[in-house]
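Those protein sequence lines, which keep their order, are chains A and B.
FYI, our numbering numbers position 122 of the first sequence as 176, with every residue one higher than the one before it.
FYI, our numbering numbers position 130 of the second sequence as 227, with every residue one higher than the one before it.
For reference, the structure is listed below as structure tokens.
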Amino acid sequence: MSGFDVNQVRKDFPILHQEVRGRPLVYLDSAATAQKPQAVIDALVRFYQHDNANVHRGVHVLSERATEAYEGARETVRRFINARDAKEVVFVRGTTEAINLVAQTYGRKHIGAGDEVLITQMEHHANIVPWRMLCEQTGAVLKVIPVDDRGELVLDAVDALLTERTRILAVTHVSNALGTVVPVKELTRRAHAKGIPVLVDGAQAVTHFPVDVQDLGCDFYAFSGHKMFGPTGIGVLYGRKERLEAMPPYQGGGDMILSVTMEKVTYNRVPYRFEAGTPNLEGAVGLAAAIRYLEALGMENVAAHDRELLAYATQALEAVPGLRMVGTAREKSGVLSFMLADVHPHDVGTILDREGICIRTGHHCAQPVMQHFKVPATSRASLALYNTREDVDALVRGLHKVLEVFQ
Amino acid sequence: MSASDDLKDLYQEVVLEHSKRPRNYRVVEGATAEAAGHNPLCGDQLVVTLKVEGGVIKDVAFQGQGCAISKASASLMTGAVKDRTRAEAEDLFERVHKLVTEGPESVDVDALGKLAVLSGVSEFPARVKCASLAWHTLRAALEGRGEAVSTE
Ligand SMILES: Cc1ncc(COP(=O)(O)O)c(C=O)c1O
């Protein structure tokens with residue numbers, strides 16, 4: 055693979071080079087949060103050591119530098135997702151806040167009693183609860199696209215669910231619980247044919263393959279910095295400019311206004327209208343560093359590595375006696391969710407942990423899809439660009455150890 | 098102690114055996130109290146039913162789904178609190194809780210009988226909630242709080 059050598063990549067991530075519980079750390083929980091390359095750590099330190107000041111307010115040199123760094127980060131994000139305009143990039147706390155923002159601004163303005171919000175059975179709670187709350191506030195109705203036993207969306211059901219009352223389609227790009235890659239471009243096409251806007255939850259997608267929001271055509275795209283090797287507390291809401299401009303503000307405060315008297319407030323332009331208060335400056339700077347890191351590796355290379363490792367891991371896990379994969383979609387990315395014989399995932403997680411292997415066990419904040427598969431929880435190993443076949447082999451050995459304990 | 102000794106302490110023979118074939122896995126007939134317990138972190142859910150007569154727990158049983166530790170703890174609990182008074186059951190819970198949080202040195206392990214096999218839990222702070230779920234649920238039932246108790 056040209057330009058991508060996983061052993062080289064691993065050297066960029068200091069946290070990976072440690073022993074835990076007397077064994078080399080095997081980190082297979084990047085879907086929860088990803089580790090950070092030195093470049094991101096350095097960018098944070100550099101910002102604090104040289105450039106820190108509040109943005110958009112001071113006339114002094116540091117404020118100028120900080121503003122430049124912050125707005126530069128916005129441009130870096132624009133390039134990364136191929137948005138038309140940096141003004142379409144709103145900095146938020148993460149995917150969760152991005153979706154809440156759309157629900158409480160776009161949603162409160164355009165969605166009323168009897169209207170429908172369409173989501174899917176495999177959403178993360180972050181793309182369910184904000185809509186549930188909106189429905190409770192407005193009397194709108196939440197509708198759900200079902201999944202089949204592979205963990206793919208039942209596409210045949212979609213057209214009938216996109217009705218004249220549907221006001222938004224909110225759908226994940228990649229399921230964090232199953233790994234399913236959802237055909238969001240096709241869904242967007244179908245929704246747009248009926249004039250329905252589309253929000254895509256990209257939290258698990260942007261780390262694994264190139265994302266081009268213009269190509270997808272969606273109206274909103276949400277993701278988190280911490281899952282893509284950047285800092286926590288920073289995330290992005292992409293919104294098509296026409297959409298953002300037609301939306302009321304989210305929170306009120308400094309930076310989101312043009313003028314304030316006690317009688318009247320004039321709101322700022324987009325994206326500032328949605329960024330009340332001092333933003334997470336170092337977070338944006340760190341996110342930009344993470345993006346530059348990914349761009350240097352090449353997202354196509356990252357995607358190829360992920361595909362190859364996922365195929366290897368799928369085969370290796372399926373050879374473990376008694377292992378049942380939960381989520382066997384034809385197109386998957388980054389996630390292996392499974393049950394091991396009749397051992398509860400929590401016990402699997404504990405035993406692997408003692409082997410120095412970090413996985414996630416539980417419902418993965420996606421209880422509705424767990425209910426579909428009739429399991430209270432699964433074990434989930436998730437892969438990132440720094441994982442290797444050796445990591446997968448260690449996992450397989452760990453699973454054999456689990457079977458040994460439970461015979 | 099090595100990682101694998103810790104594991105052996107956690108998943109002792111008796112614990113595994115109780116988790117695979119839990120005792121009193123049923124609903125008490127003519128139950129006078131019941132409560133549901135829930136551990137939202139791992140999705141464990143169980144229901145404890147009991148029959149109390151003259152202040153004594155005449156029968157106690159549980160049903161539900163959970164990890165090996167929570168099932169074994171529930172199963173062992175049903176055996177341990179049967180024919181005990183409320184106060185005795187409460188006292189036992191306190192000692193079990195000490196055992197799973199602070200370890201075997203913190204209590205008179207011999208006096209705990211079979212429950213002593215839960216001592217390995219203290220090396221696994223993330224699993225204390227699993228071991229305590231049934232007990233919290235029992236307490237809720239004894240206090241007449243039937244609503245779901247949550248370990249979160
Ligand atoms: C698919 C998906 N959506 C949304 C989220 C929420 O992201 P955050 O907690 O960073 O807001 C996650 C993270 O777990 C996720 O995997």
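Glycine is no exception: its CB is placed at the ideal position from the N, C-alpha and C atoms.
For residue i, the nearest candidate out of the options (CA to CA)
{"i": "residue 120/B", "options": "141/B, 207/B, 161/B, 172/B", "result": "172/B"}
{"i": "residue 464/A", "options": "178/A, 297/A, 93/A", "result": "A query on residue 464/A cannot be resolved here, the shown segment of chain A reaching from 55 to 461 and no further."}
{"i": "residue 151/A", "options": "127/A, 183/A, 172/A, 57/A", "result": "183/A"}
{"i": "residue 86/A", "options": "450/A, 445/A, 416/A, 458/A", "result": "416/A"}
{"i": "residue 237/A", "options": "383/A, 397/A, 458/A, 455/A", "result": "383/A"}
{"i": "residue 309/A", "options": "289/A, 295/A, 332/A, 300/A", "result": "332/A"}
{"i": "residue 156/B", "options": "116/B, 230/B, 175/B", "result": "175/B"}
{"i": "residue 181/B", "options": "193/B, 153/B, 224/B", "result": "153/B"}
{"i": "residue 365/A", "options": "385/A, 420/A, 265/A", "result": "385/A"}
{"i": "residue 213/B", "options": "126/B, 195/B, 142/B, 104/B", "result": "195/B"}
{"i": "residue 116/B", "options": "233/B, 242/B, 235/B, 227/B", "result": "227/B"}
{"i": "residue 122/B", "options": "238/B, 148/B, 203/B, 168/B", "result": "168/B"}
{"i": "residue 326/A", "options": "173/A, 311/A, 318/A", "result": "311/A"}
{"i": "residue 259/A", "options": "171/A, 285/A, 205/A, 229/A", "result": "229/A"}
{"i": "residue 381/A", "options": "287/A, 206/A, 106/A", "result": "206/A"}
{"i": "residue 406/A", "options": "396/A, 419/A, 434/A", "result": "434/A"}
{"i": "residue 126/B", "options": "206/B, 149/B, 143/B", "result": "149/B"}
{"i": "residue 211/B", "options": "101/B, 193/B, 223/B, 247/B", "result": "193/B"}
{"i": "residue 202/A", "options": "439/A, 185/A, 234/A", "result": "234/A"}
Nearest-angstrom beta carbon gap, residue j and residue i [assumed within contact, 8 Å]
{"i": "residue 216/A", "j": "residue 248/A", "result": "5 Å"}
{"i": "residue 162/B", "j": "residue 430/A", "result": "6 Å"}
{"i": "residue 120/A", "j": "residue 343/A", "result": "15 Å between Cβ atoms; not a contact."}
{"i": "residue 411/A", "j": "residue 146/A", "result": "Residue 411/A to residue 146/A, Cβ: 33 Å. No contact."}
{"i": "residue 297/A", "j": "residue 83/A", "result": "That pair is no contact at about 34 Å."}
{"i": "residue 387/A", "j": "residue 360/A", "result": "6 Å"}
{"i": "residue 262/A", "j": "residue 357/A", "result": "6 Å"}
{"i": "residue 453/A", "j": "residue 374/A", "result": "5 Å"}
{"i": "residue 177/B", "j": "residue 124/B", "result": "No, residue 177/B and residue 124/B are not in contact; Cβ-Cβ is about 19 Å, not under 8 Å."}
{"i": "residue 220/B", "j": "residue 107/B", "result": "7 Å"}
{"i": "residue 40/B", "j": "residue 400/A", "result": "Residue 40/B lies beyond the range of chain B shown here (98 to 249); nothing can be said about it."}
{"i": "residue 209/A", "j": "residue 225/A", "result": "Contact doesn't hold; Cβ gap of about 12 Å is too wide."}
{"i": "residue 270/A", "j": "residue 295/A", "result": "The pair is not a contact, with the Cβ atoms about 16 Å apart (cut-off 8 Å)."}
{"i": "residue 113/B", "j": "residue 460/A", "result": "7 Å"}
Test: residue i CB closer than 8 Å to a CB of chain A
{"i": "residue 140/B", "result": "yes"}
{"i": "residue 169/B", "result": "no"}
{"i": "residue 159/B", "result": "no"}
{"i": "residue 165/B", "result": "yes"}
{"i": "residue 122/B", "result": "no"}
{"i": "residue 113/B", "result": "yes"}
{"i": "residue 162/B", "result": "yes"}
{"i": "residue 224/B", "result": "yes"}
{"i": "residue 101/B", "result": "yes"}
{"i": "residue 104/B", "result": "yes"}
{"i": "residue 221/B", "result": "yes"}
Any non-hydrogen atom of ligand 2 within 7 Å of residue i CB
{"i": "residue 421/A", "result": "The ligand content of the structure shown is limited to ligand 1, which means ligand 2 is not among them."}
Below-8 Å beta-carbon distance, residue i vs any chain B residue
{"i": "residue 395/A", "result": "no"}
{"i": "residue 404/A", "result": "yes"}
{"i": "residue 434/A", "result": "no"}
{"i": "residue 427/A", "result": "no"}
{"i": "residue 408/A", "result": "yes"}
{"i": "residue 107/A", "result": "no"}
{"i": "residue 342/A", "result": "no"}
{"i": "residue 55/A", "result": "Because the pLDDT at residue 55/A is just 45, under 50, the model does not fix this residue reliably, and the value given afterwards should be weighed accordingly. It does not: the Cβ of residue 55/A has no partner Cβ on chain B nearer than 8 Å."}
{"i": "residue 431/A", "result": "yes"}
{"i": "residue 489/A", "result": "Past the edges of chain A, shown from 55 to 461, lies residue 489/A, and the structure says nothing about it."}
{"i": "residue 381/A", "result": "no"}
{"i": "residue 417/A", "result": "yes"}
{"i": "residue 401/A", "result": "yes"}
{"i": "residue 454/A", "result": "no"}
{"i": "residue 398/A", "result": "yes"}
Q) Taking contact to mean at least 3 C-beta pairs separated by less than 8 Å, is the stretch 294-314 of chain A in contact with the stretch 118-129 of chain A? A) no
Q.
Does the structure place the stretch 335-342 of chain A close enough to the stretch 275-291 of chain A that three or more beta carbon pairs sit under 8 Å?
A. yes
**Q.** Cβ pair count under 8 Å reaching 3, the stretch 175-188 of chain B against the stretch 124-133 of chain B
**A.** no
Q.
Can you confirm whether the stretch 98-113 of chain A touches the stretch 445-452 of chain A when touching is taken to mean that 3 or more C-beta pairs between the two stretches lie within less than 8 Å?
A. The answer is no - the stretch 98-113 of chain A does not touch the stretch 445-452 of chain A, with fewer than three Cβ pairs under 8 Å.
Q: Answer yes if the stretch 286-294 of chain A comes into contact with the stretch 131-149 of chain A, meaning at least three C-beta pairs across the two stretches below 8 Å, and no otherwise.
A: Yes, they touch.
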